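Asks:
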Amino acid sequence: MDDVILLLAVLLLSASQVFQKIGARRRLVGRRKVRDWIHAMFTPELLAAGSCIVAGTGLWLLVLYRMDVSRAFPFLSFGSILVVSISRLYLKEAVPAYRWMGVALISVGIALVAQT
Amino acid sequence: MKTATGRWLGLTLLVSSILLSAVGQLCMKAGMHELHVVGNAWVDRVGPIVWTAGGLLAYVCSLMAWLAVLVRYPLSFAYPMLSLSYILVYIGAVNWPLLSETATPMRTFGTLLILVGVALVSLNARAEDNMHRGD
Numbered sequence: 022m023d024d025v026i027l028l029l030a031v032l033l034l035s036a037s038q039v040f041q042k043i044g045a046r047r048r049l050v051g052r053r054k055v056r057d058w059i060h061a062m063f064t065p066e067l068l069a070a071g072s073c074i075v076a077g078t079g080l081w082l083l084v085l086y087r088m089d090v091s092r093a094f095p096f097l098s099f100g101s102i103l104v105v106s107i108s109r110l111y112l113k114e115a116v117p118a119y120r121w122m123g124v125a126l127i128s129v130g131i132a133l134v135a136q137t
Numbered sequence: 003m004k005t006a007t008g009r010w011l012g013l014t015l016l017v018s019s020i021l022l023s024a025v026g027q028l029c030m031k032a033g034m035h036e037l038h039v040v041g042n043a044w045v046d047r048v049g050p051i052v053w054t055a056g057g058l059l060a061y062v063c064s065l066m067a068w069l070a071v072l073v074r075y076p077l078s079f080a081y082p083m084l085s086l087s088y089i090l091v092y093i094g095a096v097n098w099p100l101l102s103e104t105a106t107p108m109r110t111f112g113t114l115l116i117l118v119g120v121a122l123v124s125l126n127a128r129a130e131d132n133m134h135r136g137d
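So the protein lines, in turn, are chains A and B. In the numbering used here, each residue's number is its place in the first sequence (first place is 1) plus 21. In the numbering used here, each residue's number is its place in the second sequence (first place is 1) plus 2.
1) Whose C-alpha, out of B:49, B:72, B:93 and B:73, is nearest the C-alpha of residue 89 (chain A)?
2) Just verifying my parser: in three-state terms, what is the DSSP assignment at residue 16 (chain B)?
3) In chain order, what residues of the same chain lie with their CB nearer than 8 Å to the CB of residue 67 (chain A), ignoring the 5 residues before and after it?
4) Do you know whose CA, among B:79, B:19 and B:121, lies nearest residue 124 (chain A)'s CA?
5) Using 8 Å as the limit for Cβ to Cβ distance, is residue 159 (chain A) near chain B?
6) Just to confirm my understanding: we take residue 2 (chain B), look at its own chain, exclude 5 residues before and 5 after, and list those with CB closer than 8 Å. What are they?
7) Quick check on the burial criterion: 16 or more other C-beta atoms within 10 angstroms. Buried or exposed for residue 10 (chain B)?
8) Does the beta carbon of residue 120 (chain A) sit closer than 8 Å to a beta carbon anywhere in chain B?
9) Hey, would you say residue 31 (chain A) sits closer than 8 Å to residue 99 (chain A), going by beta carbons?
10) Within 10 Å of its beta-carbon, does residue 51 (chain A) have 16 or more other beta-carbons around it, so buried, or fewer, so exposed?
11) Does DSSP put residue 117 (chain A) in a helix, in a strand, or in coil?
12) For residue 75 (chain B), name the three-state secondary structure that DSSP assigns.
13) Can you list, in chain order, the residues of its chain with a C-beta nearer than 6 Å to that of residue 133 (chain B)? Leave out the 5 residues immediately preceding and following it.
14) Mind pulling the alpha helix (DSSP H) runs of 4 or more residues that sit fully within the segment 79 to 133 of chain B?
15) Whose CA, out of B:70, B:100 and B:110, lies closest to the CA of residue 20 (chain B)?
16) Less than 8 Å between the CB atoms is what I'm expecting for residue 34 (chain B) and residue 86 (chain A), so what's the real figure, rounded?
17) I'd like to know whether the C-beta atoms of residue 104 (chain A) and residue 37 (chain A) end up nearer to each other than 8 Å.
18) According to DSSP, simplified to helix, strand and coil, what is residue 135 (chain B)?
19) For the alpha helix (DSSP H) that residue 39 (chain A) lies in, which residues bound it at each end?
20) Would you verify that the beta carbon of residue 186 (chain A) is, or is not, closer than 8 Å to some beta carbon of chain B?
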């Protein structure tokens, strides 16, 4: 059960990463004024990023209440695996071999940490 | 951006973001850890709430710094640096007396594998990142 909550938190936090990256590209590149940045925070991309972060962080605190942070934290890298897989499956991006090797290492690493 | 000031600002933002994210995680964990220890009275909960709120504040600051980093650096340079926080959180969780989590060989090895894996995954993302940005 703890690991289910952990995975759900990781999903939400990785989704937020994707929204942040989209938002940074579309709304923040080239903006210098603080006022522009405040306005940018209320665009759909960054509002979505914020919502995912709030929900994800709430679940994350619940996870921290229940297990060691040194066990929970490495699971956040599960997000990298998701992003690479989504890029390949849905965005049809070419994924080089060394990147799949990285995915394999992360998977083994998470499996090892999960045992503890 | 190419000026000395711009470079130092960029580097300071990157280092701050990494440090704040690790410190934030450890403080949040400290808050949740204290909740186990303290009594049920409201006044006993002040400590844990302060730790957690401090952790969240550090986390928010780290995110703001990270957004500024994303604007300045290609993801291929910035993202592998972010994985340094795995090591920082691990070292902090084990060595901070308040938390004193147990370091096991398997957890250490797993964390190191993840560190290398994250670096490999984000290797050479620069070309793609610039393409998306239209630079």
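Glycine included, every Cβ here is placed at the ideal spot set by N, Cα and C. Nothing here was measured: the structure is a model prediction, and the numbers come from that model.
Replies: So, from the listed chains and residues:
1) By one-based count along the first sequence, residue 89 (chain A) stands at place 68. When each option's Cα is compared against that of residue 89 (chain A), the closest is B:93.
2) Indexing the second sequence from 1 puts residue 16 (chain B) at position 14. Helix, per DSSP.
3) Working through the first sequence from its first residue, we reach residue 67 (chain A) at position 46. Here the set comprises 40, 41, 44, 48 and 61.
4) Taking the first residue of the first sequence as position 1, residue 124 (chain A) is located at position 103. With respect to the C-alpha of residue 124 (chain A), the residue from B:79, B:19 and B:121 having the closest C-alpha is B:121.
5) A query on residue 159 (chain A) cannot be resolved here, the shown segment of chain A reaching from 22 to 137 and no further.
6) Nothing can be reported for residue 2 (chain B): it is not among the residues displayed for chain B, which extend from 3 to 137.
7) Here the question's residue 10 (chain B) lines up with position 8 in the second sequence. When all chains shown are included, residue 10 (chain B) counts as exposed.
8) As a position in the first sequence, residue 120 (chain A) is number 99, starting the count at 1. At least one chain B Cβ lies under 8 Å of residue 120 (chain A).
9) Along the first sequence, read from residue 1 onward, the residue named residue 31 (chain A) stands at position 10. Along the first sequence, read from residue 1 onward, the residue named residue 99 (chain A) stands at position 78. Residue 31 (chain A) places its beta carbon less than 8 Å from that of residue 99 (chain A).
10) As a position in the first sequence, residue 51 (chain A) is number 30, starting the count at 1. Exposed is the call here.
11) In the first sequence, counting from the first residue as 1, residue 117 (chain A) sits at position 96. It is coil, neither helix nor strand.
12) For the purposes of this step, residue 75 (chain B) is identified with residue 73 of the second sequence, where counting begins at 1. Residue 75 (chain B): coil per DSSP, three-state reduction.
13) Looking up residue 133 (chain B) in the second sequence gives position 131. Per-residue confidence for residue 133 (chain B) stands at a pLDDT of 45, beneath the threshold of 50, marking its modelled position as unreliable; no derived number is given.
14) As far as the segment 79 to 133 of chain B is concerned, its whole alpha helix (DSSP H) runs of at least 4 residues are 86 to 97 and 107 to 124.
15) The residue labelled residue 20 (chain B) in the question sits at position 18 within the second sequence. Selection B:70, B:100 and B:110 evaluated against residue 20 (chain B) yields B:70 as nearest (Cα-Cα).
16) For the purposes of this step, residue 34 (chain B) is identified with residue 32 of the second sequence, where counting begins at 1. For the purposes of this step, residue 86 (chain A) is identified with residue 65 of the first sequence, where counting begins at 1. Between residue 86 (chain A) and residue 34 (chain B) the Cβ distance is about 4 Å, and since that is below 8 Å, they are a contact.
17) The residue labelled residue 104 (chain A) in the question sits at position 83 within the first sequence. The residue labelled residue 37 (chain A) in the question sits at position 16 within the first sequence. Cβ distance not < 8 Å, so residue 104 (chain A) and residue 37 (chain A) don't count as in contact.
18) Reading the second sequence from its first residue, position 133 is the one you call residue 135 (chain B). A caution first: residue 135 (chain B) carries a pLDDT of 45, below 50, which makes its placement in the model too unreliable to give a value.
19) Along the first sequence, read from residue 1 onward, the residue named residue 39 (chain A) stands at position 18. Here the alpha helix (DSSP H) through residue 39 (chain A) covers 23 to 44.
20) Outside the displayed range of chain A (22 to 137) lies residue 186 (chain A), so it cannot be described from this structure.
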